[in-house]
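Notes for the one structure printed next.
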Amino acid sequence: MTRTLALCAAAALVAAAPVPQAAGQTKPPAVERDATTEEFEKFRAVLEADNPAELFELRGAALWKTPRGPKNASLERCDLGLGPGVVKGAYVQLPRYFADTGKVMDAEQRIVHCMVTLQGFDAAALAKQPFSNETRTPDPVAITTFVAGQSRGMKIAPPQTRPQEREAYAVGREIFFYRAGGYDFSCASCHGEDGKRIRTQQLPNFTRPEEAIRSYQGWPGYRMTGGVMHTLQWRLNDCFRQQRFPEPGYVSDSLTALLTYLAVNSKGQVYKGPGIKR
Amino acid sequence: MADPMKIRAKLDGDVLDVRVLMAHPMETGQRKDGAGNLVPLHFIQTITAQLNGRPVFQAETSQAVSRNPVFGFKLKGAKTGDKLSITWTDNKGDKRTDEVTVPTA
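If you read the sequences in order, they're chains A and B.
By the count of numbering that gives the first Met the number 0, the first sequence reaches residue 277 at its end, each step adding exactly one.
By the count of numbering that gives the first Met the number 0, the second sequence reaches residue 104 at its end, each step adding exactly one.
And the structure:
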């Protein structure tokens, strides 16, 4: 051993700190940008370089390939809209219409559908505890993260060619503006105008294309609080909880409609892959 | 079985910049579960790095490190084609080793 190997720097361990969530990457013209937001964006840029979401992508990739379930089949024949087994670029082209089910489906809904039809898993069992917690990440969450990661850097392009897809958009828009619940809220109450914020968090206006991407960007996302991986299914579920609406069904058609509305509004924007959240 | 690590190694001159993402619950022993019981300590205790089978780095870590941690260090004298392997061992004796080949700069 003649060559000396020297360590240049001590190991750095990055710990998760609870910090307010920043505004996204697009600059809302109507909002003045404050120092807190600017600083947080620097912090986020550092975190994005080493995002633990990648660990869930790895796990999801393994789950995709492994024969599992009562039918002992892998998901490699799962059609996400671009043909059986094609994952690359599928996420940014969802939700879309599927002829085999006769309806519009979003990414996670389609993955659950494949797990049920190809692998023989029980849909009711998958919907029982569909969201991640500190000790458990459900398989559809990891698989959705993997699928989303395979669309990194691609433009969001959900099709609107079939009548069912246009109908899903129209229904989603209806849900977005529908006011109800104990607070008489709608999604649009917080996300329908420029320059709104909750405490330090700026709220993107999802009706405008430049900002609608922020409904998609960052999801599926690794949440530093608790260190859990979440998908858009969880995000929307939590939005409805905050509005004090009845809980929407997991991978339900209502959520798909709302996701269609958000995806179509984000059309043409670049998806950066699974993100990291406060 | 522990989930795989994600190892990124970037060569800049003869300095190798290594970033490792590890999947681990890193339980502090302070957290309570849904039923109110303490979740027992479960954390990565040692991390070692080997270059072509030769130990080049060892760290002892505590439960103060976050869940799914990122671990980074720089190494001098590595070259393209070298095999870098990282191993962690936790307090329950669970282990995981992953290896990457150092890519061209």
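All C-beta atoms in this analysis are idealised placements derived from N, C-alpha and C, irrespective of residue type, glycine included.
In this text, all values refer to a predicted model and were calculated from it rather than measured experimentally.
Same chain only: Cβ atoms within 6 Å of residue i, ignoring 5 sequence neighbours per side
i	result
His-23 of chain B	Ile-43
Gly-119 of chain A	Gly-68, Pro-69, Lys-70
Thr-136 of chain A	Met-228
Gln-49 of chain B	Ser-84
Val-38 of chain B	Glu-26, Arg-30, Asp-32
Leu-81 of chain A	Ala-89
Gly-171 of chain A	Ala-256, Leu-257, Thr-259, Tyr-260
Burial state of residue i, where buried means 16 or more other Cβ atoms lie within 10 Å
i	result
Asn-71 of chain A	exposed
Phe-42 of chain A	exposed
Gly-267 of chain A	exposed
Thr-144 of chain A	buried
Any chain A beta carbon closer than 8 Å to residue i
i	result
Arg-18 of chain B	yes
Val-69 of chain B	yes
Lys-5 of chain B	yes
Ala-8 of chain B	no
Arg-95 of chain B	no
Ala-22 of chain B	yes
Ser-65 of chain B	yes
Asp-11 of chain B	no
Close Cβ partners of residue i (< 7 Å) along its chain, the five nearest in sequence each way excluded
i	result
Pro-47 of chain A	The sequence shown places Glu at residue 47 of chain A, rather than the Pro named in the question. Closer than 7 Å at the Cβ level, and outside the excluded window around Glu-47 of chain A, lie Ile-275.
Gln-163 of chain A	Tyr-96, Lys-102, Val-103
Gln-108 of chain A	Val-250, Thr-255
Asp-2 of chain B	Ala-22
Ser-131 of chain A	Pro-137, Val-140, Val-227, Met-228, His-229
is_contact[residue i, chain B] using C-beta, thresh 8 Å
i	result
Leu-54 of chain A	yes
Gln-20 of chain A	Confidence at Gln-20 of chain A is low in this model, with a pLDDT of 44, below 50, so the placement of that residue should be treated as unreliable; the coordinate-derived value is given next. No, because no Cβ of chain B sits closer than 8 Å to the Cβ of Gln-20 of chain A.
Gln-24 of chain A	Confidence in Gln-24 of chain A is poor, its pLDDT being 49 and thus under 50, which makes the residue's placement too unreliable to answer from.
Arg-277 of chain A	no
Leu-57 of chain A	yes
Thr-134 of chain A	yes
Continuous beta strand (DSSP E) stretch holding residue i: start and end
i	result
Val-91 of chain A	Premise fails: Val-91 of chain A is in no beta strand (DSSP E) and is neither H nor E.
His-23 of chain B	Neither: His-23 of chain B is in no beta strand (DSSP E) and is coded neither H nor E.
Ser-84 of chain B	82-89
Val-55 of chain B	53-59
Gln-200 of chain A	200-202
Nonlocal neighbours in the same chain, by C-beta distance under 8 Å from residue i, ignoring five residues either side
i	result
Phe-176 of chain A	Ser-185, Cys-186, Ala-187, Gly-191
Glu-246 of chain A	Asn-236, Phe-239, Arg-240
DSSP beta-bridge partners of residue i
i	result
Gln-118 of chain A	Answer is none; Gln-118 of chain A lacks a bridge partner.
Val-14 of chain B	B:Asp-11, B:Lys-75
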